[in-house]
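Residues in the sequence shown are numbered consecutively from 121, following this note's numbering.
Yeah, the Cβ is synthetic: ideal placement off N, Cα and C, and Gly gets one too.
A quick note: this is a predicted structure, and the numbers were derived from the prediction, not measured.
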Amino acid sequence: MKSIYLSLFLLFTGPLLYGQAFMFGVKGGIQGYKLSFADKDLKEVFKSKPQGGYSGGVTLSFPLPDNFSFVVDAGYSKKGRRVLLNSDEWVNKSTYYFMEGSWMIRKSFPIHAYDFPAHWYVNAGLNLNYWLGGKGKIITAGPGLEYEIQFADSAGTTIETMYMVDANRWMYGLDFGAGFMAQATPRSKFLAEMRFTYGQTYLGESDSANLYILGFDDNLKNAFRTINISFGYVYMFDLKNLKKGKSTLDKKQRRDP
121 MKSIYLSLFL
131 LFTGPLLYGQ
141 AFMFGVKGGI
151 QGYKLSFADK
161 DLKEVFKSKP
171 QGGYSGGVTL
181 SFPLPDNFSF
191 VVDAGYSKKG
201 RRVLLNSDEW
211 VNKSTYYFME
221 GSWMIRKSFP
231 IHAYDFPAHW
241 YVNAGLNLNY
251 WLGGKGKIIT
261 AGPGLEYEIQ
271 FADSAGTTIE
281 TMYMVDANRW
291 MYGLDFGAGF
301 MAQATPRSKF
311 LAEMRFTYGQ
321 TYLGESDSAN
331 LYILGFDDNL
341 KNAFRTINIS
351 FGYVYMFDLK
361 NLKKGKSTLD
371 KKQRRDP
């Protein structure tokens, strides 16, 4: 886990070596998603229903020439699955938790109307998820069975545990989005964005999810297709000006007796 935080820290601070100005802030929103199965024949056995979740975190952007910028997002997201199987008599409803990051190039287009500083933008880039864990419930004709997720090398025999064998905890995808950003104060901005994430990595294999008490196997050879609507507030920083202010203060202090 420490290596994850270190990687995120380096991804955030690395671009500071190349620029003096940046924007940093918070963002959060809601998301809807559906599963895409690796094999079309699986759709005859497993039926995926749309689900909803949420995400929240921080955003960091660095200006580049010609109204381009480099954007890094990192945070926490909730996703899951709702799969019907056994002739739709069983429902596996699960909730998953992820650390999520994205690295994108953004192109902005200024809006000139009523002297109101604003612009709209498009962005595209890479998405990375680290699967933290989760929980779920198998719904049958009876009251159903709740379970906790455990990542393992092989299936175990503990009751009420869904063993995720050979699951892909690191998952990659592509992000595409568009948004709007407007001036809130002289040094801060408000943003609204819609983003589509095309998951490239399957959650696992065809028999990765095992529930001992029911002799239950679920197919995890599927990837997320996610639409996210988020809102955020960012603050503008200029390290060059901060250094100038510090340098002026140092000179003044040296002149004082």
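Between the CA atoms of residue j and residue i - distance to the nearest angstrom
| i | j | result |
| --- | --- | --- |
| R289 | D235 | 48 Å |
| G253 | Y216 | 6 Å |
| K341 | E325 | 5 Å |
| G299 | T179 | 14 Å |
| M143 | K198 | 26 Å |
| I269 | G145 | 33 Å |
| A329 | G256 | 12 Å |
| F229 | A238 | 9 Å |
| G297 | G149 | 14 Å |
Three-state secondary structure assigned by DSSP to residue i
| i | result |
| --- | --- |
| I231 | strand |
| Y267 | strand |
| D273 | coil |
| G332 | A quick correction: the sequence has Tyr, not Gly, at residue 332. In the structure shown, Y332 sits in a helix (DSSP, three-state: H, G or I). |
| K160 | helix |
| L340 | coil |
Own chain partners of residue i with C-beta closer than 6 Å, once the 5 adjacent residues on each side are dropped
| i | result |
| --- | --- |
| Q320 | Y292 and G293 |
| T346 | Q151, Y153 and T317 |
| G173 | Q151, K198 and K199 |
Beta-carbon proximity of residue i to residue j, cut-off 8 Å
| i | j | result |
| --- | --- | --- |
| M301 | I349 | no |
| L311 | V354 | yes |
| T260 | E209 | yes |
| I225 | A244 | yes |
| N295 | N249 | What sits at residue 295 in the sequence shown is Asp, not Asn. Result no, Cβ atoms of D295 and N249 do not sit closer than 8 Å. |
| S156 | A343 | yes |
| Y322 | A158 | yes |
is_contact[residue i, chain C] using C-beta, thresh 8 Å
| i | result |
| --- | --- |
| E313 | Protein chains in the displayed structure number just one, and chain C is not present. |
Rounded Cβ spacing between residue i and residue j (contact assumed at less than 8 Å)
| i | j | result |
| --- | --- | --- |
| Y332 | T277 | 5 Å |
| W251 | A287 | 7 Å |
Contacts around residue i, its chain only, beta-carbon distance under 7 Å, and the 5 residues preceding and following it disregarded
| i | result |
| --- | --- |
| D358 | Q140 and A141 |
| G352 | G145, V146, K147, T179 and L311 |
| D161 | none |
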